[in-house]
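Per this note's numbering, the sequence shown runs over residues 82 to 241. We put the beta carbon where it would ideally sit given N, CA and C, even for glycine. The structure under discussion appears below in the form of structure tokens.
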Amino acid sequence: MGTPNYTAWSEKKTFHVGDTLLFVYNNTFHNVVEVKKSDYDACTEKSAIATYTTGNDSITIKTAGTHYYLCGFPGHCSIGQKVEIAASAAKGTAPASSAAPSPASSGSDTGSASAPAPQGEGYTPELKRQPVAVRVFQRLHRRPAVLMAVAGAGVVALIW
Numbered sequence: 082m083g084t085p086n087y088t089a090w091s092e093k094k095t096f097h098v099g100d101t102l103l104f105v106y107n108n109t110f111h112n113v114v115e116v117k118k119s120d121y122d123a124c125t126e127k128s129a130i131a132t133y134t135t136g137n138d139s140i141t142i143k144t145a146g147t148h149y150y151l152c153g154f155p156g157h158c159s160i161g162q163k164v165e166i167a168a169s170a171a172k173g174t175a176p177a178s179s180a181a182p183s184p185a186s187s188g189s190d191t192g193s194a195s196a197p198a199p200q201g202e203g204y205t206p207e208l209k210r211q212p213v214a215v216r217v218f219q220r221l222h223r224r225p226a227v228l229m230a231v232a233g234a235g236v237v238a239l240i241w
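As structure tokens, this is what we get:
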């Protein structure tokens with residue numbers, strides 16, 4: 082199964098200051114590290130801005146510009162567990178209104194869900210809107226990961 086391109090997915094979305102990124106993952110195998118562009122490009126967390134380790138991390142975008150996130154576990158970033166999010170200051174349209182590419186796709190946005198958000202696996206979405214989810218990564222452990230966009234809610238979940 083191929084690795085999704087989270088950056089290609091995020092480039093098709095509109096993010097704004099005040100939006101919340103929700104990273105849901107098994108913290109035995111993953112974490113989320115916010116880094117500078119140079120560390121993002123090098124897949125290193127040497128100069129980490131912030132490190133998140135709960136497995137259910139909500140990160141509110143506080144400044145306009147590009148924000149870089151990666152999994153700091155050895156080898157994970159280099160196989161694609163990283164995402165860059167470009168956020169604008171003005172909020173005009175609903176962010177992240179469609180799903181991420183599935184591994185079977187060639188990086189194009191499918192725009193439809195292939196699976197619901199995971200239930201009974203330690204993750205229960207507490208969102209008032211119906212999430213759109215696509216299975217995207219299941220290489221490192223059995224529990225498949227899901228990248229979820231919530232239509233018009235200002236919340237995007239990256240589940241790896």
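Scanning Thr134, Tyr87 and Phe96 for the CA closest to the CA of Ala145 turns up Phe96. When C-alpha distances from Thr125 are compared across Asn137, Ser159 and Tyr133, the shortest belongs to Ser159.
Close CB contacts of Lys117 within its chain, under the 8 Å cut and outside five residues either way in sequence, are with Ser128, Ile130 and Tyr149 (chain order).
Shown here for Thr141: same chain residues with a beta carbon closer than 6 Å to its own, the five before and five after excluded, namely Thr101 in chain order.
His97 is bridged by DSSP to Ser169. Per DSSP, Thr135 lies in no beta strand (DSSP E) and is assigned neither H nor E. His148 is bridged by DSSP to Ile166.
Setting aside the 5 residues that flank it on each side, Asn108 is surrounded in the same chain by Thr134, Thr135 and Gly136, each with a C-beta closer than 8 Å to its C-beta; the list follows chain order.
Within the same chain, Cβ atoms closer than 6 Å to the Cβ of Tyr87 are found at Val164, the five residues on either side in sequence being excluded. In its chain, beyond the 5 residues on either side, Glu126, Lys127 and Ser128 have a beta carbon closer than 7 Å to the beta carbon of Asp120. In the DSSP assignment, Glu115 falls within the beta strand (DSSP E) that extends over Val113 to Val116.
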